[in-house]
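Novice: I have a structure here, written as C-alpha cells, and I will follow up with some questions on it.
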Amino acid sequence: AIVDNYRPPSSWPSKGKIDLQGLEIRYRPNAPLVLKGITCTFKEGSRVGVVGRTGSGKSTLISALFRLVEPSRGDILIDGMNICSMGLKDLRMRLSIIPQEPTLFKGSIRTNLDPLGLYSDDEIWKALEKCQLKETISKLPRLLDSSGQSLATIY
Numbered sequence: 004a005i006v007d008n009y010r011p012p013s014s015w016p017s018k019g020k021i022d023l024q025g026l027e028i029r030y031r032p033n034a035p036l037v038l039k040g041i042t043c044t045f046k047e048g049s050r051v052g053v054v055g056r057t058g059s060g061k062s063t064l065i066s067a068l069f070r071l072v073e074p075s076r077g078d079i080l081i082d083g084m085n086i087c088s089m090g091l092k093d094l095r096m097r098l099s100i101i102p103q104e105p106t107l108f109k110g111s112i113r114t115n116l117d118p119l120g121l122y123s124d125d126e127i128w129k130a131l132e133k134c135q136l137k138e139t140i141s142k143l144p145r146l147l148d149s150s151g152q153s154l155a156t157i158y
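Residue numbering for the sequence shown is 4 to 158, as defined by the working numbering.
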C-alpha cells in the first residue's frame, strides 16, 4: 500500500543512516518480546554485521527493517523517516537485502525482477544486459518466463 500523506522523497534513502529507538517486537499479541528496548544508530556508509546465538533476534531485526514484523513499541528511522508510518510499497521498493545463504528464487525470472509488473520486456532485457545476464537468460527455454531453478541447468 501507499500512504499518500507520508511518502518518502524520490531520493530516499540517500545516506542510509538507521536509528532504532526503543524497539520492541513480539510475533503475536501477549507473546514474549523477541526484541526488547533496542536503541542504537547505524551511521551512514557503515558496514554492519549482525551476529549472535540462534534465536537471539538477528533475523527479527532484519525482518523489522522490511516490516515483515511490526514493532510492538518504538520506532525505526531511515534517514530520518519513520518507516512504520510509510506504505510497504514505498519502503520495500527502496531497500535491498543480501541473504546469508544463497537461494534459487521461486517463480519466473520476470516476476522476481519485476514483482509489481511495472516494466516492459524491453526494459527488463536492458537491465539484464547492464548486469551482464542477458546472454545467460537468453539461453533458457522460456526466457523471462523460465523459473529461477532453470539457471541450475546452465551452470
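We put the CB at the ideal spot given by N, CA and C, even for glycine.
#1: For a quick check, are the C-beta atoms of LEU23 and ILE79 less than 8 Å apart?
#2: Mind pulling the alpha helix (DSSP H) runs of 4 or more residues that sit fully within the region 57-116?
#3: May I ask you to report which of helix, strand or coil DSSP gives GLU47?
#4: From THR63 to LYS133, what distance separates their C-alpha atoms?
#5: How is the alpha helix (DSSP H) around LEU26 delimited, first residue to last?
#6: Buried or exposed: where does ALA155 fall if 16 or more other Cβ atoms within 10 Å of its Cβ makes it buried?
#7: Over what stretch of residues does the alpha helix (DSSP H) that includes TRP128 continue unbroken?
#8: Quick one: Cα of THR114 to Cα of ILE140, how far?
#9: Applying the 10 Å Cβ sphere with the 16-neighbour rule, what's the burial state of LEU119?
#10: What are the boundary residues of the alpha helix (DSSP H) that includes SER141?
#11: Taking the alpha-carbon positions, what's the GLY55 to LEU38 distance?
#12: Round the Cβ separation of GLY77 and GLY25 to the nearest angstrom and send it over; I've been treating them as touching at under 8 Å.
#13: Taking only three categories from DSSP, how would you classify LEU146?
Specialist: The relevant details are as follows:
#1: yes
#2: 61-68, 91-95 and 112-116
#3: coil
#4: 34 Å
#5: Not the alpha helix (DSSP H): LEU26 falls in the beta strand (DSSP E), residues 21-28.
#6: Unreliable placement is indicated for ALA155, whose pLDDT of 48 sits below 50; the coordinate value is still reported in the next sentence. With fewer than 16 Cβ atoms within 10 Å of its Cβ, ALA155 is classed as exposed.
#7: 124-133
#8: 14 Å
#9: exposed
#10: 137-141
#11: 13 Å
#12: 4 Å
#13: helix
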